[in-house]
Amino acid sequence: GTTCDARTHTPTPPPTRRPTKPPTEFPTLNPTVSASPTDKPTETMPPSNEPTEQIPTRSPTQSPTKRPTYAPMPSLMSSFFCGSSWDDAINNCKKRCPSSDDSECPFDEHCYSLTPCTE
Numbered sequence: 540g541t542t543c544d545a546r547t548h549t550p551t552p553p554p555t556r557r558p559t560k561p562p563t564e565f566p567t568l569n570p571t572v573s574a575s576p577t578d579k580p581t582e583t584m585p586p587s588n589e590p591t592e593q594i595p596t597r598s599p600t601q602s603p604t605k606r607p608t609y610a611p612m613p614s615l616m617s618s619f620f621c622g623s624s625w626d627d628a629i630n631n632c633k634k635r636c637p638s639s640d641d642s643e644c645p646f647d648e649h650c651y652s653l654t655p656c657t658e
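In the numbering used here, the protein residues as written are 540 to 658.
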């Protein structure tokens, strides 16, 4: 089996090929420093005001769709359908109302969940 870190519940890394040194009894008084700090910030070039490349768009965006498009719906949301009653909604499966809001339904209909409707 795989062993896990008790704090994070993630798998522990595999053992190293070479043994590592045992920990020291006391902290190091002079740790290794990779770079000395500077007295002031490092100078850099300011950002440009213009794009770096003047390339036109390859093709224009497509025309907007005539109807709204929907992302794939979780199964519960896909079961919401309009009807004048739950029986009407499950027997006729007239119109989806994925937000579960009655305002998506025509006239005086309501949005009902957990219908067996697929379309």
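Note that beta-carbon positions come from the ideal geometry of N, C-alpha and C, so glycine has one too. This structure is a prediction, so every number in the text was calculated from the model and none was measured.
Endpoints, the alpha helix (DSSP H) within which residue i is located
{"i": "I594", "result": "Premise fails: I594 is in no alpha helix (DSSP H) and is neither H nor E."}
{"i": "N630", "result": "W625 to N631"}
Per-residue burial, residue i [other beta carbons within 10 Å of its own, 16 or more giving buried]
{"i": "A574", "result": "exposed"}
{"i": "E648", "result": "buried"}
{"i": "R635", "result": "buried"}
Delimiting residues of the beta strand (DSSP E) encompassing residue i
{"i": "F620", "result": "F620 to G622"}
{"i": "C663", "result": "Residue 663 lies beyond the residue range present for the chain, which begins at 540 and ends at 658; the question has no answer from this structure."}
Inter-residue CB distance, residue i and residue j (contact presumed, cutoff 8 Å)
{"i": "E592", "j": "C632", "result": "Incorrect: roughly 52 Å between the Cβ atoms, too far for contact."}
Do the segment 646–653 and the segment 612–623 touch if we need at least three Cβ pairs shorter than 8 Å?
yes
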